[in-house]
Amino acid sequence: MFCEDALGMSLASSLLVEGEEAEQLFRNADKSRKENVGDTTCVHGIIEFSNHCAKNCSYCGISSSNCTLPRYRMSPAEIVDAADYAVNKLGYKMIVLQSGEDPHYTTEMLEGIVKKIKEKCKLLVFLSIGDRDYETYSRLRKAGAGGVLYRFETSNGLLFKKLRPGTSLQTRLTHLKWMRELEYMIATGSMVGLPGQTFEDLMGDIKLLGRLEAKMATFGPFIPHPATPLAGNAGGTAEMALKVIAATRMIYPKMRIPVTTALETLGGENRKKALKAGANALMVNLTPMKHRENYQIYPNKFGSKDDVVAASDSAIALVRSLGRRVCRGWGPWSAAPELAPICR
Ligand code: 5AD
Ligand code: SF4
40 MFCEDALGMS LASSLLVEGE EAEQLFRNAD KSRKENVGDT TCVHGIIEFS NHCAKNCSYC
100 GISSSNCTLP RYRMSPAEIV DAADYAVNKL GYKMIVLQSG EDPHYTTEML EGIVKKIKEK
160 CKLLVFLSIG DRDYETYSRL RKAGAGGVLY RFETSNGLLF KKLRPGTSLQ TRLTHLKWMR
220 ELEYMIATGS MVGLPGQTFE DLMGDIKLLG RLEAKMATFG PFIPHPATPL AGNAGGTAEM
280 ALKVIAATRM IYPKMRIPVT TALETLGGEN RKKALKAGAN ALMVNLTPMK HRENYQIYPN
340 KFGSKDDVVA ASDSAIALVR SLGRRVCRGW GPWSAAPELA PICR
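For the sequence shown, the working numbering begins at 40 and goes up steadily by one.
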């Protein structure tokens, strides 16, 4: 346990530092990463299987109100094949299945997809499918899904309500609570640099991770999309996202912290910077090429043009260039011991 005041103080000072002090924060976070989770960096994959979404979050390019976006859905067989290839040909051991909130995929369909993938592949499946009821998440857990990637998006309830019409932070947090009770590993976090977001909000975001017992912290900069109500607003900066990552590492030494695609989108070199500022995982886009450019939650998404093999190779090469080992599993502190990491 840590004292709330001390936590608040150290967080505030981390997020406010600039220049050489920020560089020092990044070095400290890198040291903490090395001491607490070692020199193994995990490379996970993500399959974005549908860009249909019933919600209209005002920051998101695939929201229901974007009428100009071509929509796609992968069939269950396509999703299973993509996972099969990633695991059995490329060596992935943790894959996120992500979509907009798409009711086309019934609970039975999702159950079938997860079961089939688990039959064919030895891997940890993370679901990133948004709001579904308890019953659905319970059945998907039984079908073999082990984690959820479900961001709280912002810990500021008023901002949340404004950005996600018809929903509330409280409900989001209640869902996270029962997801934990269902024994999902929780990956959660927020966007950095949302219009109206304050330093205090960002501090609140980092503090919230602890209360949610998150195992993975995912923070990315907000990037304005031209076809959304937030077009024209300033986006989050890479610098601030890096500070949030570093502060998170300092406060939660054992946390898995991936470099998010949004941060990579603000400049390819941010991958390396984040890995040297506390991050210890990469997420490679495994969505089939023909759909890639339409999963446009924000414009010019990093990796939209890289083929799956090339993208995997470049992630592995980067990890090795930093003198670290590649692992594709959940790591040495795994709650899923059968998933011994692959180190190539
Ligand atoms: N900029 C950055 N991140 C975004 N997301 C959605 N829209 C944007 C945007 N414009 C993030 C949300 C969501 C995840 C799938 O993508 O945090 O949870
Ligand atoms: Fe849909 Fe998620 Fe985008 Fe909101 S953030 S519109 S729920 S995909």
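Glycine included, C-beta positions come from ideal geometry on N, C-alpha and C.
For residue i, tell me which candidate among the options has the shortest Cα-Cα distance.
i    : options                : result
R219 : A184, A318, G151       : A184
M113 : G139, N127, A93, T227  : G139
S194 : L202, A301, I168       : L202
K94  : Y291, G362, K312, K200 : K200
T213 : T299, L251, L179       : L251
P115 : R363, M294, I152, E57  : I152
V135 : H91, R178, L188        : L188
Y98  : V347, K311, S229       : S229
A313 : S53, F65, V56          : F65
H330 : F88, Q209, N339        : F88
R363 : E59, S53, C81, Q63     : C81
T146 : K159, I156, T175       : T175
T206 : Q137, Y337, C96        : C96
S103 : K132, P142, K282       : P142
F261 : T210, Y124, K340       : K340
T299 : A256, Y111, H264       : A256
E192 : E158, G317, K161, D240 : D240
K181 : N67, L221, G77, F258   : L221
L21  : I85, V348, P338, F238  : The first residue shown for the chain is 40 and the last is 383, placing residue 21 beyond what the model contains.
A266 : L50, N105, E60         : N105
A51  : M242, E332, P327, M294 : M242
P263 : P204, I101, L247       : I101
K159 : Q137, A301, L215, Y124 : Y124
K132 : G84, R295, L198, A226  : G84
K246 : W217, K216, V283, G271 : V283
A301 : Y291, Q335, G271       : Q335
G196 : L149, D244, M224       : D244
E332 : A61, Y111, I296        : Y111
A349 : L325, V365, L361, R359 : L325
A226 : E150, L163, V365       : L163
E150 : K161, L179, Y173, Y144 : L179
N309 : N272, Y291, M294, G259 : G259
D346 : V358, R359, L361, P327 : P327
I86  : S343, V358, L361, V365 : S343
A61  : I296, A316, L208, M224 : A316
G58  : L281, R171, L108, I156 : L281
K293 : V76, V56, T210, N67    : V76
G186 : V365, N90, K254, L108  : K254
Pull the bridge partners of residue i from the DSSP assignment, please.
i    : result
A226 : L188, M255
Q137 : E87, S167
N324 : I85
V119 : Bridge partners of V119: none, in fact.
V231 : P260
R112 : S89
R364 : T79
I'd like to know whether the C-beta of residue i is nearer than 9 Å to at least one C-beta of chain B.
i    : result
R364 : Going by chain labels, chain B is absent from the structure shown, which holds only one protein chain.
Exercise. Counting pairs of Cβ atoms below 8 Å between the stretch 271-281 and the stretch 299-307, do you hit three or more?
Worked result: yes
Exercise. What runs of the beta strand (DSSP E), each 3 residues or longer, lie entirely inside the stretch 53-108?
Worked result: 79-89
For this session: Would you check if the stretch 352-363 and the stretch 167-174 touch, i.e. whether three or more CB-CB distances between them fall below 8 Å?
Result: no
For this session: Tell me the start and end of each unbroken alpha helix (DSSP H) in the stretch 234-258 that is at least 4 residues and wholly inside, in chain order.
Result: 238-250
For this session: Tell me, please, whether the stretch 107-127 touches the stretch 71-78 by the rule of three or more beta-carbon pairs shorter than 8 Å.
Result: Of all C-beta pairs linking the stretch 107-127 to the stretch 71-78, fewer than three are shorter than 8 Å, placing the two stretches out of contact.
For this session: Mind the definition here: the stretch 122-136 touches the stretch 233-245 only if three or more C-beta pairs lie below 8 Å; say whether that holds.
Result: Contact annotation: the stretch 122-136 does not touch the stretch 233-245, with fewer than three C-beta pairs closer than 8 Å.
Problem set entry | Inter-stretch contact (C-beta, 8 Å, three-pair minimum) for the stretch 284-295 and the stretch 321-331 | The way I'd put it, the stretch 284-295 doesn't touch the stretch 321-331; fewer than three beta-carbon pairs between them come closer than 8 Å.
Problem set entry | Complete runs of the beta strand (DSSP E) confined to the stretch 147-211 [at least 3 residues] | The beta strand (DSSP E) runs lying completely inside the stretch 147-211 and spanning 3 residues or more are 163-167, 184-188, given in chain order.
For this session: Jot down the residue ranges of each uninterrupted beta strand (DSSP E) in the stretch 263-325, minimum 3 residues, whole runs only, in chain order.
Result: Those beta strand (DSSP E) runs which fall completely within the stretch 263-325 and span 3+ residues are 320-324.
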